[in-house]
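The letter at position 134 of the sequence shown is residue 294 when you use my numbering, and the numbering goes up by one with no holes. Note that beta-carbon positions come from the ideal geometry of N, C-alpha and C, so glycine has one too. None of these values were measured; they are calculated from a predicted model. Worksheet: the structure to be examined is printed underneath.
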Amino acid sequence: MDAKLVAKLGREIYLAEQEAVPFEPLTERHPDLDPSAAYAVQEEYVRLRTEHGARLVGRKIGCTSKAIQGLFGIDTPDYGHLFDDMVVPAGGTIATSDLIAPMVEPEITFVLGHDLRGPNVTTEDVLNATVTVLPSLEIIDSRIRDWRIVFADTVADNGSSSRCVFGPETKYDAGLDLIAERVRLLRDGEEFDTGSGTDVLGHPATAVAWLANAIAEYGGALRAGDYVMSGSMTRAAPVRPGETYVAEFDTLGSVSCLFT
């Protein structure tokens, strides 16, 4: 895809996020937007965000469940970037007026003690590098009208990322079974859905290993101290103003937020 068009689309996504105004699907207007070009658009969006003062604090992984991959007709996850102004304090409030069509997902977030650079990063490599894990909520949002997306759309749109809420840190050790870790996602005290670590590519650390290898293709690496959100353990819950969401994990604790 032409570099000028990549720059134009990256700016379109940046402005749509800033103004909370959606646009029509990129792939409907540009059928040649494949995943490779979509990641180039995402990088242009990232450049604009950092140019305007946002600080990169981590990465998020999406499309980690078989159900979502089947919906998109793909066999791979995708990723996006996390910035400091996306992070909401645990128990904090999120204004829906700042977003377009938000949804909530419970996830396990990893913090690494040293950098991981692909290729050939394994699940074991990730676990050996992990210092802490956190119960988390990712608030996804699409700048594309009515979530009418295919895979390349969500890739270009920074993995449909928007906000994130991190709970208490738990020191990781080999006795912590992240595959078996279960979560209940509650909406206003009522159970919306449940899931476990096995719903995230079979193991949340496998998703992180995938990410390390994927970004290595573009010269990137996972950095020590960054947040790495490993992917949703349940269905995404559509949000309405006034709702409170809580993710209750078996051993990692809980994390919540309120939408206004």
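Name the one or two DSSP bridge partners that residue 387 has. BP columns for residue 387 point to 218, 271.
Pop quiz: residue 345 and residue 407 are said to be a contact at Cβ under 8 Å. What is the actual Cβ separation, rounded to whole angstroms? With a contact defined as Cβ atoms closer than 8 Å, residue 345 and residue 407 qualify at about 6 Å.
Hey, quick one: how far does the alpha helix (DSSP H) through residue 367 stretch, first residue to last? 364 to 376
Neighbourhood of residue 165 by C-beta, 8 Å cutoff - its chain only, sequence neighbours within 5 removed: 190
Can you list, in chain order, the residues of its chain with a C-beta nearer than 6 Å to that of residue 365? Leave out the 5 residues immediately preceding and following it. For residue 365, the CB contacts under 6 Å within the same chain, skipping 5 residues up- and downstream, are 283, 286, 287 in chain order.
Could you please give the first and the last residue of the uninterrupted alpha helix (DSSP H) stretch that includes residue 286? DSSP places residue 286 inside the alpha helix (DSSP H), whose first and last residues are 283 to 289.
Along the chain, where does the alpha helix (DSSP H) that runs through residue 188 open and close? Boundaries of the alpha helix (DSSP H) around residue 188: 186 to 189.
Using CA atoms only, rank isn't needed, just tell me which of 199, 228, 417 is closest to residue 327. The residue with the shortest Cα to Cα distance from residue 327 is 417.
Return the chain-ordered list of same chain residues with a C-beta closer than 6 Å to the C-beta of residue 372, the five sequence neighbours on each side being excluded. 276, 278, 281, 382
If you count every other CB in all the chains shown that lies within 10 Å of the CB of residue 241, and 16 or more means buried, which is it? Label assigned to residue 241: buried.
When burial is assigned at 16 or more other CB atoms within 10 Å of the CB, is residue 472 buried or exposed? Outside the displayed span of the chain (161 to 420) sits residue 472, for which this structure offers no information.
DSSP three-state assignment for residue 265, whether helix, strand or coil: If DSSP states are grouped into helix, strand and coil, residue 265 belongs with the strands.
CA-CA distance, residue 400 and residue 205? Their backbone Cα atoms lie some 27 Å apart in a straight line.
Could you name the residues of the same chain whose beta carbon sits closer than 8 Å to that of residue 219, not counting the 5 residues immediately before and after it, in chain order? 239, 240, 241, 242, 371, 375, 382, 386, 387, 388, 389
Three-state secondary structure (DSSP) of residue 310: Coil at residue 310, not helix or strand.
Report yes if the CB atom of residue 216 is closer than 9 Å to the CB atom of residue 294, and no otherwise. no
Would you kindly work out how many angstroms separate the C-alpha atoms of residue 254 and residue 236, rounded to a whole number? 30 Å
Please classify residue 249 as buried or exposed, where buried requires at least 16 other C-beta atoms within 10 Å of its C-beta. exposed
Minimum C-alpha distance to residue 331 - residue among 174, 292, 200, 420: 292
Quick check: the Cα distance between residue 316 and residue 268, rounded to an integer number of angstroms? 24 Å
Going by beta-carbon coordinates alone, are residue 311 and residue 290 separated by less than 9 Å? no
May I have the straight-line CA-CA distance separating residue 185 from residue 175, to the nearest angstrom? 15 Å
Residues in its own chain within less than 7 Å of residue 172 by CB, not counting five upstream and five downstream? 183
Nearest by alpha-carbon distance to residue 320: which of 262, 229, 161 is it? 262
Examine chain D for any beta-carbon lying closer than 9 Å to the beta-carbon of residue 265, and answer yes or no. Looking at the structure shown, chain D is missing, and only one protein chain is on hand.
In chain order, what residues of the same chain have a beta carbon less than 6 Å from the beta carbon of residue 200, not counting five sequence neighbours either side? 166
Taking DSSP as the reference, what is the three-state secondary structure of residue 169? helix
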